[in-house]
Amino acid sequence: MPPDTTSATMSVAVRPSGPPNDASGARLPGDLAIWFFILAELLAFAVFFLAYAFARAGNVEMFNESQLTLDLNSGALNTVLLITGSWFVVLAVQAVKRDATRLGARWLAAGMACGFAFLVVKVFEYSAKFDADISLSTNTFYMFYISLTFFHFMHVVLGMVILAILLVKTRQGAYGSREHNALESGAAYWHMVDLLWIVLFPLVYVMR
Amino acid sequence: MSGAFTKSMARNIFYGGTTFFFLLFLALSFDTMKQLPKRDMRQNITPSIIAGKHIWETRDCIGCHTLMGEGAYFAPELANVVERLGSKEAVKAFIQSRPVDGIPGRRSMPQFNLTDKELDDLANFLEHVNTINDANWPPNIQG
Amino acid sequence: MQYKSQAVAKPYFIAAIGLFIGQILFGLVLGLQYVLGDFLFPAIPFNVARMVHTNLLIVWLLFGFMGAAYYLIPEEAETELFSPKLALALFWIFLVAGALTIVGYLTVPYATLAQLTGNDLLATMGREFLEQPLPTKLGIVVVALAFLFNITMTVLKGRKTSIALVLLLGLWGLAVFFLFSFYNPANIVVDKFFWWWVVHLWVEGVWELILGAMLAFVLIKVTGVDREVIEKWLYVIVTLTLITGIIGTGHHYFWIGTPEYWQWWGSIFSALEPIPFFAMTVFAFNMVNRRRREHPNKAAVLWALGTGVMAFLGAGIWGFLHTLAPVNYYTHGTQITAAHGHMAFYGAYVMVNLTMISYAMPLLRGRAANSNKAQVFEMWSFWLMTVAMVFITLFLTAAGILQVWLQRVSDSPVPFMVGQDQVALFYWMREWAGVAFLIGLIVYVISFFVKGEEKAA
Amino acid sequence: MNTLNTAANRTWIVLLVATAITYWLGESGTAGKAGTMAVFVMLGLALLKGWLVIYDFMELRHAPTLWKALLVGWLVFVLGMIVLAYWMGLH
């Protein structure tokens, strides 16, 4: 998320709403705009998850039977990758806030590596499915499986783009203990991608 | 400066979100184009059907009727009219027999003075549209 | 009016209102034909009158958007318009092309018009909202590109504000998606698929950017709230618009032969489409409540608030009414669609144009706002038109519900015309509401000529 | 770097363990046999994992209660509706 370079200095932000530093010293990490976007994404995914859940209630046998063909190993591996990637980004943010920006950059790179590994595992999983001639139109389960995971897949890709930009900016020394709004915003988005997968994995891969 | 609401962040999210969802839309559209041949019976499109679509357009039938539910709501749905009236001949006869000055007090269809070939083409086109796999819409024969 | 070249917006606004009157007159003709089937038959059959009604609507809205751009871009960019002469030339080209098209619709049978205008070379006619002959379509592209060149050069040499940026994105998007109207494949499913790239990605995509930018501009001027705050809200709203509206195209891909996953994707994302309209209403009221100045033009403030509310009602609520696939299965292609269409177009795009005209016209005529007497007339026209439109929508919704019950849901579905005869009462009531709308429009026009003590420019 | 000294590190460990349990539920077929019990376990774990991600990874532990409520509320609502849908699926 390339923040406007002109406002790299401490831009006085007029806040129309949202008490970031209210009386109790509570502080919302990152930019309010990203949190609006996160809420919108969570809403879209929530509707998708519930559509899956209630569509499953309609024909449980077909869902359970088709679910057996899913590759549980790659699903679990991907969960571990995203959790670890998320953890690395937390460490990166903490490092940068201590002005250890070189260490922070390395953690960001590690987080991206996990994200990239997730994408690779996913591509293999998809190619296996497409080779078995499974597509969005095979049946309702596969339609949901591909729609949900592909929609999430693209969020991981966008997350990678964001982390890449944050990595470059961190290496340029744009962030530190004083200025880390964009870094926290990007990190919040990345954690949201992990949070979504944490719900998606049991729902689609395991629940029967 | 945490918890700020900077315009530059809002603009970046606008660019990122728009690009993201446009790419997603292109992906879904690409898949649709790949799936369509199995659903739209394109293999049955004959020159007559193509000519029929041309008649459909140059007489602006969509200005009163709906086709697959899209168009004007003044006159009946026509994607399943051949099935509803029973045969292509019935449809052709109906079009041919429209009175020039309309039916007093009733919604009236103009007399288009179509030649026999044009009538055949139009009927073939409407019959073809009815064969398209449109998730069995409309709910019943009345359209 | 800070820049001389902003005056070029005036003819655009006048032409817009003129065509608006024409659109409403033909709307009344159509409404009467719904109840007196052979009214004006065969001279002006329903499909010809409908072409004129819908094409006049789109053309007058485009005139309004262009006038708004010519008014606000110089002020946003804090520089004179790149070429006022080009703007005036384009005005006459577009007006003449539009007038010729309408005359062509009315005087010559459509099939003959098609032969005369090269439709055999490249068949693009005969599709809803895209009935224009090929020369007119090409003319629209030329006018649009020249217009975009004119305002883009103005912004490039001046201040680049977020409002100008969002407006340019919306207008460039409008021109780009219009190009799909030249694509008319023999395969009806592919034809419809890309036809929606013109229609839906206009009114539920880039036009909402134009709507947001225009509303933001007027709100800055009438409320005096800090530009930084308004532009942040603008970005949030247009982000929500595009992230829901683009995939929202799917709610047109339920029953036209496209794969059935669109029923899920289209329903889910179009169900989220009312959110940006709700945010816009909260935004408008929030800004007006926190205004830092009492702008003399009360009517413009009323129009701005009304735009938010009616856009949310018409496009948001009435859109959601029939956007979910299981519901749309029964309401697809009925009067429910027509009800949504009327209130959405009026609430979102007609009202934002009237907001802009109501704000800019006094300034173009050398005064900050019209006299109180004139503003009272204008407010009367606001309530007459808005309430009349609400009733048109309610009557069509009632007709639609009955039609769905009789023709689609009931165990013994009735033929189309039998159903239509049984809802004729609502069509009569809709026609009277249409007359009330025309009266409101006439009062709106009168308000421009009402004298009274004016405020200084 | 002592892995257990910060909340984030502890959370990472807990998340891995929870994922392993969910994986085991699926892999060993217990999800199939135990049915409802397994569903409650895995969704409970998802709730725990989500809670930890929100509090420690997203660092909302020190955020205004409004945002904590929004995020956790989303998690509870979605998981609750999934349980409801699963229960409806049983009948």
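Chains as they are written, first to last, in our numbering: chain A, 13 to 220; chain B, 3 to 145; chain C, 203 to 659; chain D, 264 to 354. Just so you know, even glycine gets a beta-carbon here, dropped at the ideal spot from N, CA and C.
Suppose the cutoff is 7 Å on Cβ atoms and the five residues either side in sequence are ignored; what does the same chain contact list for residue 136 of chain B look like? Here residue 136 of chain B refers to the residue found at position 134 of the second sequence. Answer for residue 136 of chain B: 70, listed in chain order.
- Item | Sequence-distant residues of the same chain with beta carbon closer than 8 Å to residue 46 of chain B, five excluded per side | Walking along the second sequence from the start, residue 46 of chain B turns up at place 44. These residues qualify, in order along the chain: 130 and 133.
Between residue 210 of chain C and residue 655 of chain C, what straight-line distance do the alpha-carbon atoms span, to the nearest angstrom? Stepping through the third sequence from its first residue, residue 210 of chain C is reached at position 8. Stepping through the third sequence from its first residue, residue 655 of chain C is reached at position 453. The straight-line gap from Cα to Cα measures roughly 26 Å.
- Query: Measuring CB to CB, does residue 224 of chain C end up less than 9 Å from residue 250 of chain C?
  - Reply: One-based indexing of the third sequence puts residue 224 of chain C at position 22. One-based indexing of the third sequence puts residue 250 of chain C at position 48. In this structure, residue 250 of chain C does not lie closer than 9 Å to residue 224 of chain C by Cβ.
For the ligand SAM, is there any heavy atom lying closer than 8 Å to the beta carbon of residue 38 of chain B? For the ligand SAM, the structure offers nothing, since it holds no ligand at all.
Report the three-state DSSP secondary structure of residue 87 of chain B (helix, strand or coil).
As a position in the second sequence, residue 87 of chain B is number 85, starting the count at 1. Residue 87 of chain B falls in the helix class under three-state DSSP.
Original post:
Three-state secondary structure (DSSP) at residue 73 of chain B?
Top reply: The count along the second sequence starts at 1 and reaches residue 73 of chain B at position 71. In the three-state scheme derived from DSSP, where H, G and I count as helix and E and B as strand, residue 73 of chain B is classed as strand.
Exercise. Shorter than 9 Å from the beta carbon of residue 55 of chain B to some beta carbon of chain A?
Worked result: For the purposes of this step, residue 55 of chain B is taken as the residue at position 53 of the second sequence. So no, residue 55 of chain B is outside the interface.
Expected contact under 8 Å - CB spacing of residue 102 of chain A and residue 187 of chain A to nearest Å
Locating residue 102 of chain A in the first sequence gives position 90, counting from the first residue. Locating residue 187 of chain A in the first sequence gives position 175, counting from the first residue. With 8 Å as the limit, residue 102 of chain A and residue 187 of chain A do not qualify as a contact, their Cβ atoms being about 15 Å apart.
Review point. What does residue 69 of chain A touch in chain C if you count any residue whose Cβ is under 7 Å from its own?
Key: As a first step, residue 69 of chain A is located in the first sequence; it is residue number 57 there, counting from the start. Simply none; closest approach about 15 Å.
- prompt: Using a Cβ-Cβ cut-off of 6 Å (strictly less than) and excluding sequence neighbours within five positions of residue 274 of chain C, which residues of its own chain qualify?
  reply: The residue labelled residue 274 of chain C in the question sits at position 72 within the third sequence. Around residue 274 of chain C: 419.
Just the C-alpha distance for residue 122 of chain A and residue 164 of chain A, rounded to the nearest angstrom, thanks. Numbered from its first residue, the first sequence carries residue 122 of chain A at position 110. Numbered from its first residue, the first sequence carries residue 164 of chain A at position 152. The alpha-carbon atoms of residue 122 of chain A and residue 164 of chain A are separated by roughly 20 Å.
Members of the stretch 81-100 of chain B that neighbour chain A once the beta carbon cut-off is set at 7 Å: Sequence-ordered contacts of the stretch 81-100 of chain B with chain A are nonexistent [C-beta pairs closer than 7 Å].
CB contact below 9 Å: residue 33 of chain B versus chain A: Within the second sequence, numbered from 1, the residue matching residue 33 of chain B stands at position 31. By this cut-off, residue 33 of chain B is an interface position.
> Looking at the C-beta of residue 124 of chain B, does it have a partner C-beta in chain G at a distance below 9 Å?
Replying inline: Considering every chain present, this structure includes no chain G. Its protein chains are A, B, C and D.
Exercise for review: Please report how far the alpha carbon of residue 22 of chain B lies from the alpha carbon of residue 472 of chain C, in whole angstroms.
Suggested key: On the second sequence, position 20 is the one that residue 22 of chain B refers to. On the third sequence, position 270 is the one that residue 472 of chain C refers to. Spanning the two alpha carbons is a distance of roughly 17 Å.
- Buried versus exposed, by CB contacts within 10 Å (16 or more), residue 91 of chain B: Here residue 91 of chain B corresponds to residue number 89 of the second sequence, with the count starting at 1. Its Cβ having fewer than 16 others within 10 Å, residue 91 of chain B is exposed.
Where residue 13 of chain A falls, given that 16 or more other Cβ within 10 Å makes a residue buried:
Reading the first sequence from its first residue, position 1 is the one you call residue 13 of chain A. Model confidence at residue 13 of chain A stands at a pLDDT of 34, short of 50, so the residue's coordinates are unreliable; what they give is reported in the following sentence. Residue 13 of chain A should be labelled buried.
(Q) Beta-carbon within less than 6 Å of residue 47 of chain A's beta-carbon, same chain only, minus the 5 sequence neighbours each way: which residues are those? (A) Within the first sequence, numbered from 1, the residue matching residue 47 of chain A stands at position 35. Within the same chain, residue 47 of chain A has no close Cβ partners at all.
Self-check item: residue 75 of chain A vs residue 153 of chain A beta-carbon contact at 9 Å
Solution: Mapped onto the first sequence, residue 75 of chain A falls at position 63. Mapped onto the first sequence, residue 153 of chain A falls at position 141. Cβ atoms of residue 75 of chain A and residue 153 of chain A: closer than 9 Å.
Can you list the residues of chain B that residue 364 of chain C reaches, using a CB-CB cut of under 8 Å? Within the third sequence, residue 364 of chain C is the residue found at index 162, counting from 1. Those within 8 Å of residue 364 of chain C in chain B are 9 and 13.
Specify whether the stretch 364-376 of chain C and the stretch 268-285 of chain C touch according to this definition: at least 3 beta carbon pairs, one from each stretch, less than 8 Å apart. yes
Residue range of the unbroken alpha helix (DSSP H) whose run includes residue 86 of chain A
For the purposes of this step, residue 86 of chain A is taken as residue 74 along the first sequence, with counting starting at 1. That run of the alpha helix (DSSP H) goes 84-109.
### Query
Since residue 68 of chain B sits in a beta bridge, which residues does DSSP pair it with?
Working through the second sequence from its first residue, we reach residue 68 of chain B at position 66. Answer is B/73 and B/79, bridged to residue 68 of chain B.
### Query
Anyone know if the C-beta pair for residue 594 of chain C and residue 545 of chain C falls short of 9 Å?
If you number the third sequence from 1, residue 594 of chain C lands on position 392. If you number the third sequence from 1, residue 545 of chain C lands on position 343. Taking 9 Å as the Cβ cut-off, residue 594 of chain C and residue 545 of chain C qualify as a contacting pair.
Report yes or no: is there a C-beta of chain A within less than 9 Å of the C-beta of residue 466 of chain C?
Mapped onto the third sequence, residue 466 of chain C falls at position 264. Yes, because at least one Cβ of chain A sits closer than 9 Å to the Cβ of residue 466 of chain C.
**OP:** Pull up the distance between the alpha-carbon of residue 424 of chain C and that of residue 258 of chain C, whole angstroms please.
**Re:** Translated into positions along the third sequence, residue 424 of chain C becomes position 222. Translated into positions along the third sequence, residue 258 of chain C becomes position 56. It is roughly 30 Å from the alpha-carbon of residue 424 of chain C to the alpha-carbon of residue 258 of chain C.
Of the listed residues C/402, C/302 and C/432, nearest to residue 729 of chain C (C-alpha basis): Limits of chain C in this structure are 203 at one end and 659 at the other, which puts residue 729 of chain C out of reach.
Margin query: Can you find the residues in the same chain that come closer than 8 Å, C-beta to C-beta, to residue 520 of chain C, ignoring five residues on each side of it along the sequence?
Written below: If you number the third sequence from 1, residue 520 of chain C lands on position 318. Within the same chain, residue 520 of chain C has close Cβ partners 541, 542, 545, 546, 595 and 599.
| Shorter than 9 Å from the beta carbon of residue 332 of chain D to some beta carbon of chain A? | Looking up residue 332 of chain D in the fourth sequence gives position 69. Cβ-Cβ to chain A under 9 Å: no for residue 332 of chain D.
### Query
With residue 39 of chain A and residue 295 of chain D assumed to form a contact (beta carbons below 8 Å), what rounded beta-carbon distance in angstroms separates them?
Numbered from its first residue, the first sequence carries residue 39 of chain A at position 27. Numbered from its first residue, the fourth sequence carries residue 295 of chain D at position 32. Residue 39 of chain A to residue 295 of chain D, Cβ: 46 Å. No contact.
Cutting at 7 Å between CB atoms, please list the residues of its own chain near residue 318 of chain D, excluding the five before and the five after it. Your numbering for residue 318 of chain D matches position 55 in the fourth sequence. Excluding positions up to five away in sequence, the list reads 324.
Segment contact flag, the stretch 296-310 of chain C with the stretch 32-51 of chain B, C-beta cutoff 8 Å, min 3 pairs
At 8 Å Cβ cutoff, the stretches do not touch.
Item to complete: With distances taken Cα to Cα, identify the nearest neighbour of residue 328 of chain C among B/34, B/27, B/105 and B/73.
Response: Position 126 of the third sequence, counting from 1, holds the residue named residue 328 of chain C. Comparing Cα positions, the closest option is B/73.
Residue 620 of chain C to residue 475 of chain C, Cα distance in whole Å? Numbered from its first residue, the third sequence carries residue 620 of chain C at position 418. Numbered from its first residue, the third sequence carries residue 475 of chain C at position 273. Answer to the nearest angstrom: the Cα atoms are 35 Å apart.
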